[in-house]
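Protein chains: 2
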Amino acid sequence: MENIAPSDATGWMPSLDQGGASVHNAVVSVLGSRILGGDYAPGAALPREEELCAMLGVSRTSVREAVKVLSAKGLVEARRRAGVRVLPRDSWRLLDPVVLGWHPSIQDDEELVSGLLEARRIFEPAAAELAARRASAADLAEIERAVVGMRDNIPGDLNAVCQADLAFHKGVIAASHNVVLKGLVGMLEAALRATFLVTNPLMEAQSRALSAHVAVLEAIRVRDTAGARGAMNRLLDIAADDLHARG
Amino acid sequence: MENIAPSDATGWMPSLDQGGASVHNAVVSVLGSRILGGDYAPGAALPREEELCAMLGVSRTSVREAVKVLSAKGLVEARRRAGVRVLPRDSWRLLDPVVLGWHPSIQDDEELVSGLLEARRIFEPAAAELAARRASAADLAEIERAVVGMRDNIPGDLNAVCQADLAFHKGVIAASHNVVLKGLVGMLEAALRATFLVTNPLMEAQSRALSAHVAVLEAIRVRDTAGARGAMNRLLDIAADDLHARG
DNA sequence: TGCGCTTGAGGATCGCGGCCATCACCACGC
DNA sequence: GCGTGGTGATGGCCGCGATCCTCAAGCGCA
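Chains R and V are the protein sequences, given in the same order.
Each residue of the first sequence is one higher than the one before, starting from 98 at the first, in the working numbering.
Each residue of the second sequence is one higher than the one before, starting from 98 at the first, in the working numbering.
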């Protein structure tokens, strides 16, 4: 029965503890995390509005807005008399980065991790091939900047390396100029984050990964579609190896 | 300045004209369609809450809930003093079937149609390959039922054929047992609907498509992964041909 | 005198609480 | 067994105050 709001009258702690900066975002985040975490299982019913208000210390307006948002993301369904029930996992918009961000520990969800990696092996090589065909000068510059960012931070700042790695894959997908693939960057972001959490920062692994990234970049630059696809495949092989070795 | 609500006091027309069954769903649907239709371009600001209320004939509560939903789907962003602004298309959750359903005419959006088909050619053959490896008896029965549904309605009910076709592709993706791929069924649904709108019901095309579907089913049944991938590729070749011939 | 930073007021959304309407479900009665 | 009314939940509307971002006017400095 924790309390989100700063509660009563006396003091005023300016910050909210969870999620976004606004009250209803905090409610959305709390309920979403609780659903993804399994506290409210699919098929189960959430507490009534009134109870949620009391539980979270917010007004009905915020709770109702939060329920609407969760409903928009396919997590719950609100019916008139029956209250709010959690929908089965198949209807959850797991490709929504926000929803994926509510997962308490992606790296421990075996089905999700393998599904994400499998999906990456399906569409990232294809994205690289399309990028080799369509990348503009700006796209190439973006990808190259990411590679440079990886190289310059390799022995040191691990966080910067991760961000550059993410920027690299985002750049390749953006260079594919495909609307659907661009809709998958959120999923990719979550997948990479999970990978970074599992894969320890091994020097050798990092240098291998860097050379694979360079190979993808060069293949795209010279418009070698098959080479780009193959280089991306090798890159994902390395990632899968690291993931498997550590898992 | 149309009015969603039944307006004033005298009469009471029970039905809402747009979208779902509830008021806020109607508002969401109207605003979403208007954004997708280009009436509110990316970067532009929506009218103020008060104006939207007057324009749609609903209360601020409904408008605000609708804005929250649209914000959850990445269409708009509400900032305090600046009002509600439409976000760039890249942040729209186009993989959300609801969002895609707001598109006024998918078949006329060249970039979207080609992007959808391209995406299908990337991940549907892969899904067929995975299905050949993992399909359960129930999965196979579901796919087979869809094929039978296509065959039995081929000369007659076009709508039933389309539904069976959709069920077929859904079944293959479900049989792949991949979380990410299952998240793409909404996109697939919109893609198929757009295809059906363009491709006229040619007898020869339908029979060709049917045999291709049967080939995919048989390959999955005998666990022929490469065959399933190839058959799905041929199926998509046919679809692309029909689409191109008519486009 | 011109430019840039600060500060003030305005104005929009945000959040709250109460109210009534609506509708599904259940139990009672015919 | 079926119809009907009670009951309790969500759906929707309204007005209020708080908040805080934005824009622009005003001031200081070179």
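Idealized CB from N, CA, C, for every residue including glycine.
> How close, in whole Å, do the beta carbons of V/Glu221 and V/Leu133 come, if the pair is a contact with beta carbons under 8 Å?
Replying inline: Residue numbering aside, residue 221 of chain V sits at position 124 when the second sequence is read from its first letter. Residue numbering aside, residue 133 of chain V sits at position 36 when the second sequence is read from its first letter. The distance from the Cβ of V/Glu221 to that of V/Leu133 is about 25 Å, inconsistent with a contact at the 8 Å cut-off.
>> I'd like the span of the alpha helix (DSSP H) that includes R/Ala224, first residue to last.
In response: The count along the first sequence starts at 1 and reaches residue 224 of chain R at position 127. Residues Glu207 to Arg231.
> Per DSSP, V/Arg176 is paired with what?
Replying inline: In the second sequence, counting from the first residue as 1, residue 176 of chain V sits at position 79. Partner(s): V/Gly180.
> Cβ atoms of V/Val173 and V/Val164: under 8 Å apart, would you say?
Replying inline: As a first step, residue 164 of chain V is located in the second sequence; it is residue number 67 there, counting from the start. As a first step, residue 173 of chain V is located in the second sequence; it is residue number 76 there, counting from the start. Their beta carbons are under 8 Å apart, which means V/Val164 touches V/Val173 by this criterion.
> With a cut-off of 8 Å, do at least 3 Cβ pairs link the region 217 to 231 of chain R to the region 270 to 289 of chain R?
Replying inline: Three or more pairs of CB atoms, one per stretch, sit closer than 8 Å, so the region 217 to 231 of chain R contacts the region 270 to 289 of chain R.
> V/Lys170 to R/Leu314, Cα distance in whole Å?
Replying inline: Indexing the second sequence from 1 puts residue 170 of chain V at position 73. Indexing the first sequence from 1 puts residue 314 of chain R at position 217. As the crow flies, the alpha-carbon of V/Lys170 is around 32 Å from that of R/Leu314.
> Span of the alpha helix (DSSP H) holding R/Gln204?
Replying inline: As a first step, residue 204 of chain R must be located in the first sequence, where it is residue number 107. Segment: none, R/Gln204 is in no alpha helix (DSSP H) and carries neither H nor E.
> Should V/Ala106 be flagged as near chain R, meaning a C-beta pair shorter than 8 Å?
Replying inline: The sequence position of residue 106 of chain V within the second sequence is 9, counting from 1. Because V/Ala106 carries a pLDDT of 32, less than 50, the predicted location of this residue cannot be relied on, and the following value inherits that uncertainty. By this cut-off, V/Ala106 is not an interface position.
>> Less than 8 Å between CB atoms is the rule here; does R/Asn275 satisfy it with respect to chain V?
In response: Within the first sequence, the letter at position 178 stands for residue 275 of chain R. It does: the Cβ of R/Asn275 has a partner Cβ on chain V nearer than 8 Å.
>> Once the 5 residues before and after V/Ala302 are set aside, which same chain residues still bring their CB inside 6 Å of it?
In response: For the purposes of this step, residue 302 of chain V is taken as residue 205 along the second sequence, with counting starting at 1. So the list reads Asp339, once near-sequence residues are dropped.
> Who are the neighbours of R/His121 on chain V, taking C-beta pairs under 8 Å?
Replying inline: What you label residue 121 of chain R is simply residue 24 of the first sequence in a count that begins at 1. Those are Lys165, listed as they occur along chain V.
>> Could you pull the DSSP bridge partners for V/Ala142 from this structure?
In response: Position 45 of the second sequence, counted from the first residue, corresponds to residue 142 of chain V. For V/Ala142, which the question treats as bridged, DSSP gives the partners V/Arg182.
>> I'd like to know whether the C-beta of R/Ile203 is nearer than 8 Å to at least one C-beta of chain V.
In response: Looking up residue 203 of chain R in the first sequence gives position 106. Taking Cβ atoms only, chain V never reaches closer than 8 Å to R/Ile203, which makes this a no.
>> To the nearest angstrom, how far is the alpha carbon of V/Ala142 from that of V/Asp205?
In response: The count along the second sequence starts at 1 and reaches residue 142 of chain V at position 45. The count along the second sequence starts at 1 and reaches residue 205 of chain V at position 108. Annotation: V/Ala142 to V/Asp205 spans about 26 Å, alpha carbon to alpha carbon.
>> Let me make sure I understand the geometry here. Which of V/Glu208, V/Leu255 and V/Val245 has the alpha-carbon closest to that of V/Val311?
In response: As a working note, residue 311 of chain V is residue 214 in the second sequence. If we check each option's Cα against that of V/Val311, V/Val245 comes out closest.
> Are the C-beta atoms of R/Ala216 and some chain V residue less than 8 Å apart?
Replying inline: As a working mapping, residue 216 of chain R is identified with position 119 in the first sequence. So, interface residue.
> Quick one: is R/Arg217 buried, meaning 16 or more other Cβ sit within 10 Å of its Cβ, or exposed?
Replying inline: The count along the first sequence starts at 1 and reaches residue 217 of chain R at position 120. Taking all protein chains shown into account, R/Arg217 has 16 or more neighbouring C-beta atoms within 10 Å of its C-beta and is therefore buried.
>> Is it the case that the region 231 to 251 of chain R contacts the region 172 to 191 of chain R, given that we only count it when at least three CB pairs across the two stretches are under 8 Å?
In response: No contact exists between the region 172 to 191 of chain R and the region 231 to 251 of chain R.
> Cα separation between V/Val319 and V/Ser233?
Replying inline: Along the second sequence, read from residue 1 onward, the residue named residue 319 of chain V stands at position 222. Along the second sequence, read from residue 1 onward, the residue named residue 233 of chain V stands at position 136. Approximately 12 Å, taken between the alpha carbons.
> Of the choices V/Val124, V/Gly327 and V/His266, whose alpha-carbon is the least far from that of V/Gly283?
Replying inline: Looking up residue 283 of chain V in the second sequence gives position 186. It is V/His266 whose Cα lies nearest to the Cα of V/Gly283.
> In angstroms, rounded to a whole number, what distance separates the CA positions of V/Gly198 and V/Gly327?
Replying inline: Against the second sequence, residue 198 of chain V aligns to sequence position 101. Against the second sequence, residue 327 of chain V aligns to sequence position 230. V/Gly198 and V/Gly327: Cα-Cα distance of roughly 31 Å.
> Out of V/Val183, V/Ala151, V/Arg161 and V/Ser159, which has the shortest C-alpha to C-alpha gap to V/Ser130?
Replying inline: If you number the second sequence from 1, residue 130 of chain V lands on position 33. Comparing Cα positions, the closest option is V/Val183.
> Which residues in chain R sit within 7 Å of V/Gly212, going by Cβ to Cβ distance?
Replying inline: Here residue 212 of chain V refers to the residue found at position 115 of the second sequence. What V/Gly212 touches in chain R: Asn275, Val276 and Val277.
> Of all the options V/Leu294, V/Asp262, V/Pro194 and V/Val125, which has the alpha carbon lying nearest to the alpha carbon of R/Gly280?
Replying inline: Against the first sequence, residue 280 of chain R aligns to sequence position 183. Looking at the Cα atoms, V/Pro194 is the closest of the given residues.
>> Buried or exposed, going by whether 16 or more other CB atoms sit within 10 Å of the CB of R/Gly212?
In response: Against the first sequence, residue 212 of chain R aligns to sequence position 115. Under this definition R/Gly212 is a buried residue.
>> Please report the distance separating the alpha-carbon of V/Trp189 from that of R/Cys150.
In response: Residue 189 of chain V sits at position 92 when you count from the first residue of the second sequence. Residue 150 of chain R sits at position 53 when you count from the first residue of the first sequence. Distance between the alpha carbons of V/Trp189 and R/Cys150 is about 31 Å.
> Who are the Cβ neighbours of R/Asp262 in its own chain at under 7 Å, not counting the five residues just before and after it?
Replying inline: Looking up residue 262 of chain R in the first sequence gives position 165. Hits under 7 Å: Met247 and Leu289.
> Taking Cβ-Cβ distances shorter than 7 Å, what residues in chain R pair up with V/Ala56?
Replying inline: Residue coverage of chain V in this structure runs from 98 to 344, which leaves residue 56 of chain V outside it and unanswerable.
> Taking the alpha-carbon positions, what's the R/Ala323 to R/Met329 distance?
Replying inline: Position 226 of the first sequence holds residue 323 of chain R. Position 232 of the first sequence holds residue 329 of chain R. Looking at the two C-alpha atoms, the distance is approximately 10 Å.
> What three-state label does DSSP hand R/Ser308 in the structure shown?
Replying inline: Along the first sequence, read from residue 1 onward, the residue named residue 308 of chain R stands at position 211. Helix, per DSSP.
> In chain order, what residues of the same chain lie with their CB nearer than 8 Å to the CB of V/Arg157, ignoring the 5 residues before and after it?
Replying inline: Reading the second sequence from its first residue, position 60 is the one you call residue 157 of chain V. In the same chain as V/Arg157, and ignoring 5 residues on each side of it, the C-beta atoms closer than 8 Å to its own belong to Glu146, Glu147 and Cys150, in chain order.
>> Which residue marks the beginning of the alpha helix (DSSP H) containing V/Met262, and which one marks its end?
In response: By 1-based counting over the second sequence, the position of residue 262 of chain V is 165. Per the sequence presented here, residue 262 of chain V reads as Asp, with Met not at that position. For V/Asp262, the enclosing alpha helix (DSSP H) stretches over residues Leu255 to Ala272.
>> I need the boundaries of the alpha helix (DSSP H) containing R/Val282, first residue and last residue.
In response: For the purposes of this step, residue 282 of chain R is taken as residue 185 along the first sequence, with counting starting at 1. Bounds of the alpha helix (DSSP H) holding R/Val282 are Val282 to Val295.
> Shortest alpha-carbon distance to R/Arg161 belongs to which of R/Leu278, R/Arg331 and R/Val125?
Replying inline: Taking the first residue of the first sequence as position 1, residue 161 of chain R is located at position 64. With distances taken between CA atoms, R/Arg161 lies nearest to R/Val125 out of R/Leu278, R/Arg331 and R/Val125.
>> With a threshold of 8 Å between beta carbons, is R/Glu239 in contact with chain V?
In response: Numbered from 1 along the first sequence, position 142 holds the residue referred to as residue 239 of chain R. Closer than 8 Å: no.
>> If you follow the alpha helix (DSSP H) that V/Asp249 is in, where does it begin and where does it stop?
In response: Here residue 249 of chain V corresponds to residue number 152 of the second sequence, with the count starting at 1. Start and end: Ala234 to Asp249.
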